[in-house]
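Asker:
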Amino acid sequence: MVRAAQIFYLASSQFDVTLIMDYPFQVKTLGEYEAAYARAQADPEAFWADIAQHFTWKKPWDTVLDWEFTTPMVRWFDGAQLNITENCLDRHVTLYPARTALLWEPNDPTEASVEWSYQSLLERVEAFCHVLQARGIQKGDRVCIYMGMVPELAVAVLACARMGAIHSVIFGGFSAESIVDRVQDAQATAIITCDGAFRGAKSIPLKPIVDVALTQCASVHTVVVLQRTHEKVHIQAGRDIWWHEALPTHGKPFPAVAMEAEDPLFVLYTSGSTGKPKGVVHSCAGYMVWSTYTFVNVFQSSPGDVHFCTADIGWITGHSYIVYGPLAAGATTLLFEGVPNYPAPDRLWQITEKHQVQILYTAPTAIRALMACGVQYPDAYPMASLKVLGTVGEPINEEAWQWYHRHVGKEKSPIVDTWWQTETGGILISNLAGVTPAKPTFATLPLPGIQPVLVDEYGHELVGNDVSGNLCIRFPWPGMIRTTYGDHERCRQAYFSTYPGYYFTGDGCTRDAEGRYRITGRVDDVLNVSGHRIGTAEVENAINMHPKVVESAIVGYPHPIKGQGIYAYVILSSSCATALEEEALRAEILQEVSRHIGALAKPEKIQFVSGLPKTRSGKIMRRILRKIAEGAQDQLGDTTTLLDPTVVESILAGCL
Ligand code: PRX
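The sequence shown lines up with residues 0 to 655 when you count with numbering that gives the first Met the number 0.
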């Protein structure tokens with residue numbers, strides 16, 4: 000039921016929408032949540048049509064949903080046309096052009112912050128569309144974005160969306176080789192980058208890394224370079240242009256291109272258990288509805304709230320909850336260039352105070368790292384503006400949850416533990432702030448429209464409560480992955496083949512006696528280090544590139560700050576003569592990983608071993624390696640099926 004005072008979008012006809020005060024699709028009580036959940040399950044098409052009508056469409060849809068999970072094929076709002084930036088920008092500009100859309104806090108607190116109204120952000124996006132158009136970028140072209148966390152990153156993303164170019168943001172910590180993989184896979188024609196980026200005490204070169212990558216990226220004809228660090232960089236005539244020089248002076252608008260509902264909006268590469276990272280493809284309409292619906296409901300945001308998500312736009316969290324969700328909802332989104340502990344461990348609390356933040360959304364790793372610095376930092380800030388705290392990216396331990404609740408939220412702000420993935424486009428399981436109950440370490444309940452299922456290893460559904468299994472989803476939701484770029488079969492294989500008929504998340508999960516969900520971590524060969532997703536195969540491949548390495552095996556082990564650390568078991572072609580030589584080789588291996596992937600994938604521990612525990616069919620038994628890395632030597636289980644059980648003894652003897 001919609002109360003008059005809560006009407007934010009008032010539909011004067013189904014597709015002619017005016018924004019008024021509040022969100023009609025925000026559930027505000029437990030009863031409303033239960034009713035929404037029941038309706039989304041009983042009549043998903045009517046439920047989502049009702050929500051979708053509160054957005055701006057260029058053409059209405061013919062069908063709400065068409066799907067099957069075998070191919071898989073999922074289509075939402077088919078026949079409709081829209082542009083997500085009209086929803087994120089134009090419709091707000093019509094009603095309140097001066098409302099702040101974006102706040103930017105620089106790495107260095109003595110530098111001025113930036114505040115752009117919706118009007119100003121729209122103008123900047125339109126101007127940048129002209130820049131891209133002048134370089135021949137058209138609807139459907141792929142554009143890679145490799146920048147630091149500057150406000151122009153949001154402009155670049157939105158400009159691509161406005162002109163129908165498919166953006167693929169590459170996290171600024173990735174190596175040249177990782178850029179090559181992504182650019183080649185997407186066949187991108189342009190890259191948008193910066194001279195460099197500031198992150199904490201470091202100034203990181205970006206353009207020089209792009210230059211290295213571009214020696215292997217023939218598809219790229221344009222590089223737009225934003226000046227940030229003012230380091231001298233190479234500009235290749237004909238290919239590279241400076242952002243500030245290319246901007247037009249005419250101030251002409253750029254009409255948003257009409258996109259089909261199922262046209263791709265962006266590709267975001269993410270690691271899986273095998274092979275190179277996959278390009279997860281999200282579509283225009285479904286993603287827009289899902290990122291906005293979840294933003295408004297999980298965080299219980301009100302129009303104009305300041306939302307501070309500390310993620311990088313290089314990850315899905317930044318896409319959905321820095322750029323698209325908050326802007327589509329008319330909130331004020333805060334972008335932070337730096338890191339939580341620079342120049343001091345009070346930086347996040349100081350920003351919260353300075354910008355009067357209502358919603359703070361961060362990762363358990365950041366909380367644990369700041370917790371280790373002491374309570375004096377958060378305790379020095381009242382942070383009275385805060386209404387909601389959120390966590391994302393990895394399981395949160397009880398101690399970190401309590402610390403966050405007490406010292407940051409001052410025991411008054413609900414914490415939402417939001418479980419989701421790059422592939423899900425937005426939050427799937429989470430409590431709704433102050434609406435549905437929180438339970439520390441539990442993501443708790445599925446959002447309306449999400450039908451989670453736990454299965455055992457044979458794919459049998461585990462019914463009832465108090466069960467643990469592998470987490471699957473049995474029904475489509477608007478924000479779900481549509482395909483993996485250029486290779487639909489890979490999408491089927493990775494997500495829809497393990498348990499036929501279900502989308503398989505790769506996560507293990509418990510459902511407690513009250514039906515609340517607790518995510519226990521990945522059950523596949525994907526690691527989660529500081530909330531960053533890293534494939535074991537990728538790290539192994541990088542290590543194996545070292546000329547002295549014969550073979551390697553990577554596992555995760557519990558790490559007090561990062562959640563998981565990376566433990567590498569490495570077989571050398573010839574053993575090192577001295578401890579010094581071993582140390583030098585370890586450093587070279589780490590460099591190898593940085594070169595091929597990025598510093599974020601560097602192992603904490605490298606143990607040189609003479610052999611790896613393998614089954615008779617040659618498969619590495621990671622279970623054993625994991626137990627050794629965890630220090631659980633007494634729980635190795637049955638090792639008799641190994642090709643050579645004595646290998647385990649020798650690994651145990653040298654474990655770190
Ligand atoms: O294992 C889950 C973990 O992060 C994985 C998804 O990683 P990525 O695609 O990089 O997206 C991260 C941001 C959405 C999941 O498969 N994960 C994410 N959120 C949580 C979580 N694990 C436990 N609790 C969470 N709240």
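C-beta: ideal position from N, C-alpha, C; glycine also.
List, from N- to C-terminal side, the alpha helix (DSSP H) runs of 4 residues or more that fit wholly inside the stretch 524-603.
Answerer: Those alpha helix (DSSP H) runs which fall completely within the stretch 524-603 and span 4+ residues are 535-543, 578-595.
Asker: Identify the continuous alpha helix (DSSP H) that holds K626 and give its terminal residues.
Answerer: Element bounds for K626: 621-629.
Asker: Could you give the first and the last residue of the continuous beta strand (DSSP E) run that contains F197?
Answerer: Taken as a continuous stretch (DSSP letters only), the beta strand (DSSP E) holding F197 covers 195-198.
Asker: Under 9 angstroms between the Cβ atoms of I553 and I560?
Answerer: No; because the gap between Cβ atoms is not below 9 angstroms, this pair is not in contact.
Asker: Please name the residue, chosen from T577, M146, A51, T482, that lies closest to I312 on a Cα-to-Cα basis.
Answerer: It is M146.
Asker: Considering only heavy atoms of ligand 1, does any lie closer than 8 angstroms to the CB of P394?
Answerer: Yes, the beta carbon of P394 sits closer than 8 angstroms to at least one heavy atom of ligand 1.
Asker: Within a Cβ cutoff of 8 angstroms, which residues of the same chain sit near W66, ignoring the five residues on either side of it in sequence?
Answerer: M72, V73, R74, P475.
Asker: Sorted by chain position, which residues of the same chain lie with C-beta nearer than 6 angstroms to F68's C-beta, five sequence neighbours on each side aside?
Answerer: Excluding sequence neighbours, F68 sits near F495, G500.
Asker: What is the C-beta distance between L225 and E151, in whole angstroms, given that I count them as a contact (C-beta under 8 angstroms)?
Answerer: At roughly 5 angstroms, the Cβ-Cβ gap stays under 8 angstroms, so L225 and E151 are in contact.
Asker: Do you know offhand how far I190's Cα is from E125's?
Answerer: Rounded to the nearest angstrom, the two C-alpha atoms are 18 angstroms apart.
Asker: Is the distance from the Cβ of P451 to the Cβ of C471 below 9 angstroms?
Answerer: Going by C-beta atoms, P451 is nearer than 9 angstroms to C471.
Asker: Return the Cβ separation of V222 and V182 in integer angstroms, given the expectation that the two are a contact with Cβ distance under 8 angstroms.
Answerer: Contact flag wrong, Cβ pair sits at about 11 angstroms.
Asker: To the nearest angstrom, report how far apart D304 and E488 are at their CA atoms.
Answerer: D304 and E488: Cα-Cα distance of roughly 42 angstroms.
Asker: Any heavy atom of ligand 1 within a distance shorter than 8 angstroms of the CB on A442?
Answerer: Answer for A442: yes, Cβ within range of ligand 1.
Asker: When you measure from the CB of I315 to every non-hydrogen atom of ligand 1, does any distance come out below 8 angstroms?
Answerer: Answer for I315: yes, Cβ within range of ligand 1.
Asker: What's the gap between the Cα of D210 and the Cα of C159?
Answerer: C-alpha separation (whole angstroms): 22 angstroms.
Asker: Is the distance from the Cβ of S272 to the Cβ of I358 below 9 angstroms?
Answerer: No; because the gap between Cβ atoms is not below 9 angstroms, this pair is not in contact.
Asker: Check L326 in the structure and name its three-state DSSP category.
Answerer: The answer is helix: DSSP assigns L326 an H, G or I state.
Asker: Say the cut is 8 angstroms; is the CB of D506 nearer than that to a heavy atom of ligand 1?
Answerer: Yes, Cβ of D506 sits closer than 8 angstroms to a heavy atom of ligand 1.
Asker: Tell me whether the beta-carbon of Q188 lies closer than 9 angstroms to the beta-carbon of V154.
Answerer: Residue identity differs from the one stated: residue 188 is Thr in this sequence, not Gln. No. Outside cutoff.
Asker: Which of helix, strand or coil does DSSP assign to A189?
Answerer: Looking at A189 - three-state DSSP - the assignment turns out to be strand.
Asker: Mapping DSSP to helix, strand and coil, what is P445?
Answerer: Looking at P445 - three-state DSSP - the assignment turns out to be strand.
Asker: Any contact of the stretch 460-467 with the stretch 478-492, i.e. 3+ C-beta pairs under 8 angstroms?
Answerer: Cβ pair count under 8 angstroms is below three, so no.
Asker: Just how far apart, CA to CA, sit T640 and T614?
Answerer: Each residue's alpha carbon lies about 6 angstroms from the other.
Asker: Between which two residues does the beta strand (DSSP E) containing P451 stretch?
Answerer: Residues 451-454.
Asker: Tell me, which residues are paired with T640 by DSSP?
Answerer: Beta-bridge pairing links T640 to no other residue.
Asker: Can you list, in chain order, the residues of its chain with a C-beta nearer than 8 angstroms to that of V256? Leave out the 5 residues immediately preceding and following it.
Answerer: N82, K138, R161, M162, G163, listed in sequence order.
Asker: Please classify V172 as buried or exposed, where buried requires at least 16 neighbouring CB atoms within 10 angstroms.
Answerer: With the sequence shown as reference, residue 172 is identified as Gly, and Val is not the correct amino acid for it. G172 should be labelled buried.
Asker: Quick check on the DSSP output: what are the complete beta strand (DSSP E) runs of length 3 or more inside the stretch 202-277, in order along the chain?
Answerer: Runs of the beta strand (DSSP E) inside the stretch 202-277: 221-225, 239-241, 263-269.
Asker: Does the structure place the stretch 411-429 close enough to the stretch 386-400 that three or more beta carbon pairs sit under 8 angstroms?
Answerer: Yes, they touch.
Asker: Check for me: the alpha helix (DSSP H) holding T364 runs from which residue to which?
Answerer: 363-370 is the extent of the alpha helix (DSSP H) around T364.
Asker: Would you be able to state if there are at least three C-beta pairs under 8 angstroms between the stretch 556-576 and the stretch 398-409?
Answerer: Segments in contact, no.
Asker: Report the residue from E336, S282, H281 whose alpha carbon sits nearest the alpha carbon of F307.
Answerer: Selected option, being the one with the closest Cα: E336.
Asker: Quick check on DSSP: helix, strand or coil for A4?
Answerer: Residue placement at A4 is flagged as unreliable, the pLDDT there being 30, under the threshold of 50; the coordinate-derived value follows with that caveat. Helix.
Asker: Roughly how many angstroms separate the alpha carbons of A600 and G555, rounded to a whole number?
Answerer: Whole-angstrom Cα-Cα distance: 11 angstroms.
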